[in-house]
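Residue numbers (the working numbering): 171 to 272. Just so you know, even glycine gets a beta-carbon here, dropped at the ideal spot from N, CA and C.
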């Protein structure tokens, strides 16, 4: 099973995540399956990030940057909070979430 390949790089206070297979590169059709139900614990972090990137309402939190599948996490605490809500883990923080990104 294929998955996105990601790595993180700190640029000042902004975290940049490079994701092979994003804008400019197409994910396979199965990556664009309908959003999981809220509270579902079946979703993987890379798919959750892709969901956030596709929604206009989260562009102040996370957004595409450049043409090569790069995106920026503008508000890491909010991304972690949203991930915690999705995974039913109220104590989620960016430190814990960032370990999963490595």
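Tell me where the alpha helix (DSSP H) around residue i begins and ends.
| i | result |
| --- | --- |
| residue 219 | 215–224 |
| residue 266 | 264–271 |
Below 8 Å on the Cβ atoms is my guess for residue i versus residue j; work out the distance and round it to an integer in Å.
| i | j | result |
| --- | --- | --- |
| residue 260 | residue 254 | 6 Å |
Identify, in the order they occur along the chain, each residue of the same chain with its Cβ nearer than 7 Å to the Cβ of residue i, setting aside the five sequence neighbours on each side.
| i | result |
| --- | --- |
| residue 270 | 215 |
| residue 248 | 231 |
| residue 228 | 222 |
Can you name, in chain order, every residue of its own chain whose Cβ lies under 8 Å from the Cβ of residue i, other than the five neighbours on each side?
| i | result |
| --- | --- |
| residue 233 | 223, 241, 242 and 244 |
| residue 266 | 250 |
| residue 225 | none |
Go through its chain and collect everything with a Cβ distance to residue i's Cβ below 6 Å, but skip five positions before and after it.
| i | result |
| --- | --- |
| residue 263 | 250 |
| residue 219 | none |
| residue 252 | none |
| residue 268 | none |
| residue 217 | none |
Taking Cβ positions, are residue i and residue j nearer each other than 8 Å?
| i | j | result |
| --- | --- | --- |
| residue 213 | residue 272 | no |
Starting from the N-terminal side, write out each stretch of the beta strand (DSSP E) that is 3 residues or longer and does not extend beyond the segment 226–254.
The qualifying runs are 232–235 and 240–243.
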